[in-house]
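Each remark here refers to the structure printed beneath this line.
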Amino acid sequence: MRRKGLKTKVMAAVLSASMAMGVCPATAFAAPEEGEAVVEEEAVDAGAEDAEEETTEAAEAAAAEEEADAEKAIEEKETEEVQTEDVEAEEEVLDQQAAGEEEEYKYVYAPLTWAEYWASENVYLSGSDLNASSDEPDSRDETDKGAFDAISRATTNHGLHRGSYQCTAVAELRDGTKLAIAYYPDEKERTKVVLTDGTEFTYTTYKTGGKEQPTDLVHYTVIGLKYVPVKVASADYEAFKAAYPGVVENGSLLQGGFSEGTLSGYTDYVADVTENTNGLKTAVKSGDGFTFTARETGTDSGIEGTALKKAENINVVVRKVENEDPSSKDATIGTYGEFMRVDLTGDGYGALGAAMQAVEWTYYGDDSTYATPLRTFGTKFAADNWMHKSMGIQLGLTESLRCELPAGTDGTGYWKVTVYALGYEDYTFTFKADKNNVKGDAAETVDTTKLQAVVDKASKLKKEDYTAATWSDFEVELEEAKDMLANAKTQAAVNEAITHLEAAMEALVTSNGLPFNDVTGNSGWRYEAVKYVYENGIMNGINPTRRFAPDDTLTREMFATMIYRIAGSPAATYNGKFADVPDGNYFSVPISWANAKGIINGHSDTGLFGRGENIRREDLVTIMYRYAQMKGISTSARADLSKFDDAAEVSGYAAPAVQWAVANGIITGRSNTGLLDPSGNATRIEAAAIIQRFLQKFGK
174 MRRKGLKTKV MAAVLSASMA MGVCPATAFA APEEGEAVVE EEAVDAGAED
224 AEEETTEAAE AAAAEEEADA EKAIEEKETE EVQTEDVEAE EEVLDQQAAG
274 EEEEYKYVYA PLTWAEYWAS ENVYLSGSDL NASSDEPDSR DETDKGAFDA
324 ISRATTNHGL HRGSYQCTAV AELRDGTKLA IAYYPDEKER TKVVLTDGTE
374 FTYTTYKTGG KEQPTDLVHY TVIGLKYVPV KVASADYEAF KAAYPGVVEN
424 GSLLQGGFSE GTLSGYTDYV ADVTENTNGL KTAVKSGDGF TFTARETGTD
474 SGIEGTALKK AENINVVVRK VENEDPSSKD ATIGTYGEFM RVDLTGDGYG
524 ALGAAMQAVE WTYYGDDSTY ATPLRTFGTK FAADNWMHKS MGIQLGLTES
574 LRCELPAGTD GTGYWKVTVY ALGYEDYTFT FKADKNNVKG DAAETVDTTK
624 LQAVVDKASK LKKEDYTAAT WSDFEVELEE AKDMLANAKT QAAVNEAITH
674 LEAAMEALVT SNGLPFNDVT GNSGWRYEAV KYVYENGIMN GINPTRRFAP
724 DDTLTREMFA TMIYRIAGSP AATYNGKFAD VPDGNYFSVP ISWANAKGII
774 NGHSDTGLFG RGENIRREDL VTIMYRYAQM KGISTSARAD LSKFDDAAEV
824 SGYAAPAVQW AVANGIITGR SNTGLLDPSG NATRIEAAAI IQRFLQKFGK
């Protein structure tokens, strides 16, 4: 308590109070002159003396009372002064305590190994060594069955770039150099990386079989998580920084990832760890090292200027072991050695996947109330968890030192899964597993026929026909598919390789400016025909794909729609003439219009249009012939068809049209046989070429 200056304050208060009450201390008066006092005393008689005595007594009593009041006022004033000083002193102590609290701890991000992260989270461990490894391979011949040791990966499996989002990923070169990867700055260039110290590095490459390979990179290791929010005592902070060189202080940047598809890397997050940051752990000095407490649930994101996010638009898909269709992509358990798998899909999975750090599974057995857990499992990214640029987040449980089901249970029953992610609220979901959601150890027959066919098809594609970015993604999937062919142990893994490769082929973007991934090159009659009908709004691709499907057959309703577009899509109404042409479809009005103009008729024997039927080559030419007549274009030219070996196969009704088309160079015979093939099904590319030649000769 502060008492400095109290005496001075009290004395001043006494004087002030006395003057205010009309009471003055004796020292305030001068002594009377002696002569004056004597004369007054002689003049006073006895009665006056008595009265004077009474008056004096009364005055003395009043003065005593006034003096008591003054003393009371002084005491009250002193008490008030002391109380004020006590409050000030208490506030000063609180301020000092608050300042001390702020200085007592540092809040930072720190890189933790898997073992350090899970040590205090009450998760299962077989044995006592959190860092224990296992030499037993899984179904992908990868040694993922250890505890919480580091994960080593070859460069063609799992993708180094995805490990760099939230994990400490270290690449090892052939000369022994180790590179701590921060992020990839260019989505088109996988060999250029930015390291955690801010420097850039580019892997040297060489070509083999037409493919560039990184020569320096042998493999990479996923050690743990690089951005765990940590509270550490200020007194221990220097030792902590020395033990964890990757510490990121508040105000510094957080960086990671590789932008591709739905996944986005980040380079400009600013650290802002507080005591309320979600997932905060406390570092505890223990001998020469540190241990970490269990994570705490908080309300802050740990990222400057950003509120804690909530995962939204997520679909939870619990995968199955068996499926009626053995090639179904739903039969995916066991793809990476897991015995149980849940996928997160939907529009919101990409953001969560890029921020995903750790995943916890809790098994409740038959407890549908989720009140009494039987066992909780911690997992590791690249061993149990993964995400794809377009096909969702894959969460799995691998039978290992970190995951063994309790005795007497088989994995069926109730589960709770929680995803921990940077800057996110904890994302939790529950599900009930049956026997079809848990993969056993029984041997299975694996069929790679379809995978081989897809690989053969993909291998025929040429790099120069596609953009660099999409080709790079395709190459990765093709190499993984080839690896799968050489080491296929589960049907689930084979099926997933098929799905991924087909998706990569579908995503290819041609370098010729066309939006179709199956029309390559920038010259030749096929390219020119597709380019012409696409740019003139006559033909589009096959919805919802990005394919033109040039060699697919053409249906009658498709060609009716093309003729309608050639005519400029004139105003017309649905007439309902054909029972197999309902209203409301893209072809309904075009067919009604073409029929009304005498361009297309239905089948005379059924009265139906023939919706869904492939259109024959001679019928396609006949329709073009009638369209020319409708437009007033001369159709008198005729060609001798005898040069075609199959001329006699042309139907009588179609002969004039075929002769006219040959005479005007609209058809020249099939490119591979030189035959007219009048009864053969017309393809989409043939229709495109015939339309192009017609319009270039006669116009619309």
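First residue of the sequence shown? That's 174 in this note's numbering, and the numbers climb one at a time after it. From the three backbone atoms N, C-alpha and C, an ideal C-beta is built for every residue, glycine too.
Where valine 446 is concerned, there is no enclosing alpha helix (DSSP H), because DSSP gives it neither an H nor an E.
Here asparagine 610 is buried: its Cβ has 16 or more other Cβ atoms, across all protein chains shown, within 10 Å.
Taking asparagine 854 as reference, the option from Glu786, Ala861, Leu868, Ala292 with the minimal CA-CA separation is Glu786.
A straight-line Cα-Cα distance of about 26 Å links arginine 720 and isoleucine 796. Nearest to leucine 426 by alpha-carbon distance, out of Asn486, Ile476, Gly336, is Ile476. With fewer than three CB-CB distances shorter than 8 Å, the segment 536-543 does not count as touching the segment 452-472.
Comparing alpha-carbon positions, the option among Lys704, Lys612, Glu294, Asp778 lying closest to glutamine 664 turns out to be Lys612. In the three-state DSSP reduction, serine 815 falls in the helix class (H, G or I). Here leucine 781 has Phe751, Ala752, Asp753, Gly775 as same chain residues with Cβ atoms under 7 Å from its own Cβ, once five neighbours each way along the sequence are excluded. The residues Ile806, in chain order, have a CB closer than 6 Å to that of phenylalanine 871 in the same chain once the five nearest residues on each side in sequence are set aside. By alpha-carbon distance to lysine 804, the top candidate from Ala767, Ala836, Val835, Asp813 is Ala767.
According to DSSP, residue pairing for histidine 561 in a beta bridge involves Gly565. Distance from the CA of tyrosine 290 to the CA of glycine 452, rounded to the nearest whole angstrom, comes to 11 Å. Rounded to the nearest angstrom, the gap between the Cα atoms of valine 762 and threonine 728 is 16 Å. For glutamate 652, the enclosing alpha helix (DSSP H) stretches over residues 641-659. In the displayed model, leucine 570 falls within a strand according to three-state DSSP. When Cβ pairs closer than 8 Å are counted between the two stretches, the segment 834-848 is seen not to touch the segment 686-696, the count staying below three. For alanine 654, the CB contacts under 8 Å within the same chain, skipping 5 residues up- and downstream, are Leu624, Val627, Val628, Ala631, Ala670, Ile671, His673, Leu674 in chain order. With 16 or more other Cβ atoms inside 10 Å of its own Cβ, proline 851 counts as buried. By the CB criterion at 9 Å, tyrosine 338 and alanine 480 fall outside the cutoff.
Its Cα nearest to that of alanine 323, the residue Leu285 stands out among Leu285, Tyr747, Tyr357. Contact fails between the segment 636-655 and the segment 598-610, because fewer than three Cβ pairs, one in each stretch, are under 8 Å apart. For secondary structure counted as the alpha helix (DSSP H) over 4 or more consecutive residues, the segment 800-859 holds these complete runs in sequence order: 828-836.
Tyrosine 356 counts as buried, since no fewer than 16 other beta carbons sit within 10 angstroms of its beta carbon.
DSSP, reduced to helix, strand and coil, places glycine 336 within a helical segment of the structure shown.
Along the length of the segment 406-476, whole alpha helix (DSSP H) runs at least 4 residues long occupy 410-416, reported in chain order.
Excluding its 5 nearest sequence neighbours in each direction, lysine 279 has C-beta neighbours in its own chain below 6 Å: Val405, Ser407, Tyr410, listed in chain order.
If you compare the alpha carbons of Phe867, Leu303, Val421 with that of valine 403, the shortest gap goes to Val421.
Shown here for valine 443: same chain residues with a beta carbon closer than 6 Å to its own, the five before and five after excluded, namely Glu477 in chain order.
Contact between isoleucine 487 and tyrosine 522 holds, since their C-beta atoms are separated by about 6 Å, short of 8 Å. Between alanine 722 and glutamine 865, the CB-CB gap reaches or exceeds 9 Å. Under the DSSP definition of a beta bridge, alanine 594 partners with Met529. One alpha carbon belongs to alanine 283, the other to serine 474, and they sit about 15 Å apart. Under the three-state reduction of DSSP, arginine 514 is assigned to strand. One Cα belongs to tryptophan 287, the other to threonine 455, and the distance between them is close to 16 Å.
Its Cα nearest to that of glutamate 469, the residue Val446 stands out among Val490, Lys483, Val446.
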